[in-house]
């Protein structure tokens with residue numbers, strides 16, 4: 002039998018399964034309602050049926066003053082620790098009346114019960130209000146106030162199939178001043194302010210809201226239990242049992258367990274893992290239609306809570322960050338994003354409305370081709386072949402879309418037919434043919450530019466309007482082809498080709514990288530014919546970029562007008578050619594000169610988004626000179642691709658320093674920092690000014706990947722001999738074990754669980770690292786001689802193979818010791 006036969010059949014089986022399979026009887030707990038950081042949601046999935054979701058939010062008010070349903074983010078003092086499975090979470094926000102905090106914390110106790118507490122440092126009234134999150138997606142809820150300590154809830158369903166987890170009990174550890182169930186929340190909120198407490202509404206109708214109200218003095222608290230299931234008597238019994246132990250004691254024990262078991266970082270990484278975890282976890286939302294949680298970009302609250310969640314290219318970077326914290330969550334997010342694939346194959350920007358949980362796809366546009374890189378790196382973390390088989394067909398169709406015939410003999414995004422791609426916009430697919438005919442070339446060009454994410458960068462010359470005739474104004478298909486003359490100061494949007502008349506190096510490098518990652522995926526899935534096609538396609542793209550976008554005068558890859566002139570504005574996108582492996586080694590080394598030049602990209606802070614000697618350079622503007630997370634990260638991958646380890650280590654430590662400063666000052670992360678020597682200053686966008694953006698976690702990710710990386714080319718990689726200071730990662734739960742890594746200039750140490758696996762002196766780089774209880778294998782790369790130590794495991798013999806040669810008989814003792822020469826060696830260790 003051919004060795005690939007079992008793998009191919011496994012892939013075919015995966016492809017016969019629906020792309021998104023609903024979980025069976027899964028219960029999620031967390032702050033899944035993006036409008037309410039001051040709340041917690043319990044979501045029960047029942048196979049293919051709509052999920053059951055019960056929400057609890059903390060209302061804050063004062064009689065004869067006002068009531069606040071959700072705090073604006075500028076008053077969220079701290080998004081605290083949060084576990085991936087809801088076993089512990091804590092958030093602090095300031096009262097709307099005084100600048101003193103309230104604290105909500107909860108812990109998941111068992112599979113279906115939450116114990117929580119709301120405490121305050123200021124005298125205030127609160128209401129624990131139950132409600133229906135995801136109103137348009139989950140069934141109707143009915144709440145009843147049983148007494149001053151208890152609310153009952155139930156999902157109403159017309160299904161003949163019995164559903165599980167449709168009943169709910171909320172019980173508190175003290176009596177409320179008022180208890181109510183009601184239909185009109187706004188009316189009841191006004192009554193609370195007027196009368197000080199909730200009052201029941203008369204009648205036998207269903208009540209989608211319930212509340213218990215409390216008048217708290219300074220430093221008082223209310224403990225509560227939330228439990229869902231099928232039988233009210235059993236739920237009440239379980240709630241009473243949970244409240245027999247003081248709530249504060251339960252929460253303290255949960256916090257201690259979480260803190261003792263959580264992933265940690267130290268040294269020059271500070272506690273970057275905590276920062277990364279909070280940025281991911283507090284921006285974790287739920288997509289009811291997909292029965293999937295997903296990595297959102299930014300938590301909105303207060304007046305902005307109803308704004309839709311934009312899902313753009315940055316979603317791929319959020320997934321890469323999420324893979325460190327919860328790989329299954331990262332997989333769910335990518336599958337949900339790809340599930341919205343347009344009929345022609347593109348993955349378009351999307352907008353998820355939190356008002357009615359509908360999705361709008363902007364099908365005249367597309368995201369940057371980063372899907373295959375994201376999928377491959379997530380796979381490296383999980384080794385989940387079924388996930389890879391599920392996403393591969395959609396990634397393949399998307400990549401092919403760029404150069405596919407759109408139906409008139411023209412490629413979707415190769416406007417001049419030279420084999421490279423451009424940014425474009427298909428107005429008729431988004432606004433209809435009639436509106437598209439009335440839309441100017443400049444207007445369409447702006448939509449095309451918006452997809453770059455860098456539209457304000459000087460690398461894009463000003464748009465120039467096409468010459469028009471009366472006929473052309475009515476029918477853009479009859480316009481003559483543009484790009485017939487060199488353009489020095491502007492570019493055009495070609496109404497016939499639907500693309501900008503400029504070939505961008507960044508986009509084409511990412512497209513080539515996408516092809517290389519699809520090659521890796523096809524090989525892993527055992528699809529030999531696909532792999533052969535991808536390899537030829539990748540090599541062809543590299544050749545075209547090398548021939549058409551290399552500026553010998555500038556020693557860089559640059560954007561190029563269709564007329565042949567280069568756009569001589571230097572940005573980090575030139576270095577994406579390293580990430581894609583485009584440059585020959587000698588050209589790659591030439592590209593280091595501007596990276597080291599302090600007048601261009603060199604310096605102590607990171608990589609500015611525009612060369613410092615550009616006349617338009619502004620260190621505090623996002624794409625005119627500030628340091629931007631995605632440019633830093635993609636360039637860092639390029640350094641690793643070419644073994645520029647010293648440059649990679651420097652950029653990693655600079656990136657971590659930027660993130661560390663704002664984290665220590667405000668417990669926030671940002672995705673942009675001012676490129677001002679000696680000053681570390683965030684450059685927040687309006688929505689990011691008071692929130693932890695999950696996108697900003699990329700700055701931490703660059704640093705973390707110096708110690709452990711799911712490398713696209715070398716699998717699990719650990720360490721770097723160019724590191725200049727010590728840092729550690731502890732208890733990373735990947736695969737079937739938790740790993741701890743300590744990296745310092747003089748040593749690299751790796752533990753699996755509590756057992757030390759290997760020690761290397763001095764530090765080196767390990768590639769394709771794999772281990773289980775008995776076997777460890779990897780490649781070690783270093784420019785200097787090394788000493789490898791392998792501690793014994795319970796005095797078992799240790800056999801060591803170096804470069805496929807067994808080093809004598811098995812060794813027994815406290816540790817095996819091997820001296821290695823400089824270079825690359827393959828190591829296999831059997832205990």
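In my numbering, the protein residues as written are 2 to 832. The beta-carbon is built from N, C-alpha and C at its ideal position, and this holds for glycine as well.
### Message
Less than 7 Å between the beta carbons of residue 311 and residue 361, yes or no?
### Response
For the pair residue 311 and residue 361, the CB atoms are not nearer than the 7 Å cut-off.
### Query
Of the choices 45, 461, 513 and 703, whose alpha-carbon is the least far from that of residue 624?
Measuring from the Cα of residue 624, the nearest candidate turns out to be 461.
### Query
What do you reckon, are the CB atoms on residue 103 and residue 92 nearer than 7 Å?
No, the Cβ-Cβ distance between residue 103 and residue 92 is not below 7 Å.
### Query
Around the Cβ of residue 239, are there at least 16 other Cβ atoms within 10 angstroms (buried) or fewer (exposed)?
Looking at its Cβ environment, which holds 16 or more other Cβ atoms inside 10 Å, residue 239 is buried.
#### Entry: Own chain, CB closer than 7 Å to residue 248, minus 5 neighbours either side, in chain order
Setting aside the 5 residues that flank it on each side, residue 248 is surrounded in the same chain by 116, 118, 174 and 224, each with a C-beta closer than 7 Å to its C-beta; the list follows chain order.
### Query
How is residue 531 classed by DSSP in three states: helix, strand or coil?
Helix.
#### Entry: Same chain, Cβ closer than 6 Å to residue 151, neighbours up to 5 away in sequence not counted
Excluding sequence positions up to five before and after residue 151, its CB lies within less than 6 Å of the CB of 172, all in the same chain and listed in chain order.
### Message
Here's a check: name, in chain order, each residue in its chain whose Cβ is nearer than 6 Å to the Cβ of residue 270, leaving out the five neighbours to either side.
### Response
Sequence-distant Cβ neighbours of residue 270 in its own chain, meaning closer than 6 Å and more than five residues away, are 657, 704 and 728.
#### Entry: Ordered list of beta strand (DSSP E) runs contained in the stretch 78-115, each at least 3 residues
DSSP runs (the beta strand (DSSP E)) wholly in the stretch 78-115: 90-95 and 102-110.
#### Entry: Environment of residue 243 [buried if 16+ CB atoms lie within 10 Å]
Around the C-beta of residue 243, 16 or more other C-beta atoms lie within 10 Å, and the residue is accordingly described as buried.
### Query
What's the call for residue 219, buried or exposed, on a 16-neighbour Cβ count within 10 Å?
With fewer than 16 other Cβ atoms within 10 Å, it is exposed.
#### Entry: Through-space distance from residue 100 to residue 388, alpha-carbon basis
Roughly 47 Å between the two C-alpha positions.
### Task
Check whether the stretch 550-558 touches the stretch 524-535, counting contact only when three or more Cβ pairs, one atom from each stretch, lie closer than 8 Å.
No: fewer than three Cβ pairs fall under 8 Å.
### Query
Applying the criterion that 16 or more other CB atoms from any shown protein chain within 10 Å of the CB defines a buried residue, is residue 605 buried or exposed?
That one is exposed.
### Task
Use the C-beta contact count for residue 756: other C-beta atoms within 10 angstroms, 16 or more gives buried, fewer gives exposed.
Around the C-beta of residue 756, fewer than 16 other C-beta atoms lie within 10 Å, and the residue is accordingly described as exposed.
### Query
Per the contact definition of three or more C-beta pairs closer than 8 Å, is the stretch 672-680 in contact with the stretch 716-730?
With the cut-off at 8 Å, the stretch 716-730 and the stretch 672-680 do not touch.
### Query
Quick one: Cα of residue 632 to Cα of residue 76, how far?
Note on geometry: alpha-carbon atoms of residue 632 and residue 76 lie some 31 Å from one another.
### Task
Go through its chain and collect everything with a Cβ distance to residue 557's Cβ below 7 Å, but skip five positions before and after it.
Cβ neighbours of residue 557 beyond the five flanking positions: 571, 575, 592 and 595.
### Query
If you follow the beta strand (DSSP E) that residue 661 is part of, which residue opens it and which one closes it?
Per DSSP, residue 661 lies in no beta strand (DSSP E); the unbroken alpha helix (DSSP H) holding it starts and ends at 646-667.
### Message
Can you find the residues in the same chain that come closer than 8 Å, C-beta to C-beta, to residue 510, ignoring five residues on each side of it along the sequence?
### Response
Contacts found: 546, 558, 574, 577, 578, 580, 581 and 583.
### Query
To the nearest angstrom, how far is it from the Cα of residue 110 to the Cα of residue 89?
Taking the straight line joining both Cα atoms gives about 9 Å.
### Query
Under 7 Å, do residue 233 and residue 202 count as touching if we go by C-beta distance?
With contacts defined as CB atoms closer than 7 Å, residue 233 and residue 202 fail to qualify as a contacting pair.
#### Entry: Meets three-Cβ-pair contact criterion under 8 Å: the stretch 727-745 and the stretch 248-265
In short, these stretches touch, since the Cβ pair count reaches three.
### residue 179 - partner residues in DSSP beta bridges
Looking at the DSSP assignment, residue 179 forms a beta bridge with 214.
### Task
Pair every Cβ in the stretch 384-399 with every Cβ in the stretch 411-420, then say whether three or more of these pairs are closer than 8 Å.
No contact exists between the stretch 384-399 and the stretch 411-420.
### Task
Provide the residue span of the beta strand (DSSP E) that contains residue 777, from first to last.
For residue 777, the uninterrupted beta strand (DSSP E) run begins and ends at 776-783, by DSSP.
#### Entry: Rounded C-alpha distance that separates residue 217 from residue 610
Spanning the two alpha carbons is a distance of roughly 51 Å.
### Query
Given a threshold of 16 other Cβ atoms within 10 Å of its Cβ, counted over all protein chains shown, does residue 333 qualify as buried or as exposed?
Classified as buried, residue 333 has 16 or more neighbouring CB atoms from the shown chains inside 10 Å of its CB.
### Query
For residue 509, does the three-state DSSP call read helix, strand or coil?
Three-state DSSP puts residue 509 in a helix.
### Query
Does the beta-carbon distance from residue 142 to residue 52 come in below 7 Å?
Cβ atoms of residue 142 and residue 52: not closer than 7 Å.
### Query
Can you give the Cα-Cα distance for residue 357 and residue 252, rounded to whole angstroms?
Linking residue 357 to residue 252 through their CA atoms gives a straight-line distance of about 34 Å.
### Message
Given this structure, state the Cα-to-Cα distance separating residue 372 from residue 186, to the nearest angstrom.
### Response
Distance between the alpha carbons of residue 372 and residue 186: 43 Å.
### For residue 356, the residue or residues it bridges with in DSSP
Beta-bridge partners assigned by DSSP to residue 356: none are found.
### Rounded separation between residue 817 and residue 793 - CA only
Going by the C-alpha atoms only, they are around 7 Å apart.
### Message
Contact defined as beta carbons within less than 8 Å: I believe residue 516 pairs with residue 499. What is the distance between those atoms, to the nearest angstrom?
### Response
Incorrect: roughly 22 Å between the Cβ atoms, too far for contact.
### Message
With distance defined between alpha-carbon atoms, name the residue in 772, 649 and 369 nearest to residue 737.
### Response
Of 772, 649 and 369, the smallest CA-CA separation from residue 737 is found for 772.
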